[in-house]
Amino acid sequence: MALLRKINQVLLFLLIVTLCVILYKKVHKGTVPKNDTDDESETPEELEEEIPVVICAAAGRMGATMAAINSIYSNTDANILFYVVGLRNTLTRIRKWIEHSKLREINFKIVEFNPMVLKGKIRPDSPRPELLQPLNFVRFYLPLLIHQHEKVIYLDDDVIVQGDIQELYDTTLALGHAAAFSDDCDLPSAQDINRLVGLQNTYMGYLDYRKKAIKDLGISPSTCSFNPGVIVANMTEWKHQRITKQLETWMQKNVEENLYGSSLGGGVATSPMLIVFHGKYSTINPLWHIRHLGWNPDARYSEHFLQEAKLLHWNGRHKPWDFPSVHNDLWESWFVPDPAGIFKLNHHG
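Per mature numbering (1 follows the signal peptide of the UniProt record, and there is no 0), the sequence shown runs over residues -29 to -1, 1 to 320.
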């Protein structure tokens, strides 16, 4: 009996070992193909980096947006995803313009901006009422509009891109910086700047230094300002530093104390960004933001200089689709006619 009991124990042990081996093989066999499949699913197309470009399309200047998009798309081989932002009553028109024109090949998403987020945050007495247009503040809310991207490019609509947008996207942001801008003192040609009468390029032009809240910032009024019409932003840092909340705080302070609303520069959107990002931003290559083309219709850059430029910005009152304006031939070469016939060029007084 003792011998039989010992034999049964050995057989039971062997049976358990056999079952363990079978179970191990089944588990191993089931996991390996899964990993192989994952590797095979990562095709080159999926691994290619997508460059998100955010640009607004306001009702009265939608032609500007389409010209900017056309210039970007035509001058790069990069995989661009355009986020075209509009108000609810313009979304259908935006889609029709893109889908019924030469832009139908672009990769795009139309995003609705709700102006109610601005309630109680804007003074109505700006010296430049056009800057109170709700879409002018979209740049404050980038993380709310863009979710799956780490790095984002924001562009004003009155720009033309002559270089490869990949270069701008590759702008290096220093550790801890949520954004990169162009300094207003970095334009390569000082002679051109001097001809732009009334140009604002310091904090004095955007903030009211008579107000205590501004004085308490400790920022010298002669500090060089920057232009937020071209932004390369790090969404992780933006959210971590609660940049949007900081901007809203200064907007509300301005409503209460008029800190910058009536400033010479009329920087309704620029002023709070100058405060929040002071000393905490990286810089963009100057050729990637040649601006002030819309500042003075009597001031012209040299043709050679404009050819070297990677991005042209008609910031100021004098837009290239209107009269009077300068260098509008460079803009008009990228113009995409409105299929609805609503947006028309006005180059004659």
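Note that CB positions come from ideal geometry on N, CA and C, so glycine has one too.
Going by C-alpha to C-alpha distance, which of the options sits closest to residue i?
i, options, result
"residue 193", "204, 178, 141, 201", "178"
"residue 68", "85, 47, 29", "29"
"residue 247", "219, 281, 76", "219"
"residue 255", "115, 24, 174, 204", "204"
"residue 302", "282, 185, 239", "282"
"residue 145", "133, 131, 122", "122"
"residue 119", "22, 230, 299, 296", "22"
"residue 240", "226, 253, 250, 75", "226"
"residue 61", "106, 43, 131", "106"
By Cβ distance below 6 Å, which residues in the same chain neighbour residue i in space, the five residues on each side in sequence not counted?
i, result
"residue 208", "149"
"residue 56", "27, 82, 84, 109"
"residue 125", "25, 110, 202"
"residue 212", "149"
If you count every other CB in all the chains shown that lies within 10 Å of the CB of residue i, and 16 or more means buried, which is it?
i, result
"residue 35", "buried"
"residue 27", "buried"
"residue 284", "buried"
"residue 63", "exposed"
"residue 311", "exposed"
"residue 296", "buried"
"residue 59", "exposed"
"residue 91", "exposed"
"residue 71", "exposed"
"residue 321", "The question about residue 321 has no answer here: the residues shown for the chain are numbered -29 through 320."
"residue 322", "The structure shown does not extend to residue 322, since the chain spans only -29 to 320, so no value can be given for it."
Could you tell me which residues DSSP pairs with residue i in its beta bridges?
i, result
"residue 69", "DSSP output for residue 69 lists no bridge partner at all."
"residue 122", "205"
"residue 198", "153"
"residue 83", "57"
"residue 50", "21"
"residue 282", "132"
"residue 254", "152"
"residue 142", "DSSP output for residue 142 lists no bridge partner at all."
"residue 261", "283"
"residue 173", "195"
With a CB to CB cut of under 8 Å and the five nearest residues on each side skipped, what residues in its chain are close to residue i?
i, result
"residue 73", "41, 307"
"residue 277", "261, 283, 298, 301"
"residue 230", "178, 179, 182, 184, 185, 221, 224, 242"
Using C-beta distances below 7 Å, list every residue in its chain close to residue i, excluding the 5 sequence neighbours before and after it, in chain order.
i, result
"residue 129", "35, 265, 284, 285, 286, 290"
"residue 165", "Note that residue 165 scores a pLDDT of 47, beneath 50, so its modelled location is shaky; the value from the coordinates is reported in the next line. If we look at residue 165 and ignore the five residues flanking it on each side, it has no Cβ neighbours."
"residue 86", "58, 105"
"residue 309", "34, 68"
Would you identify the three-state DSSP class for residue i, choosing helix, strand or coil?
i, result
"residue 214", "helix"
"residue 26", "strand"
"residue 104", "coil"
"residue 297", "coil"
"residue 62", "helix"
"residue 178", "coil"
"residue 314", "coil"
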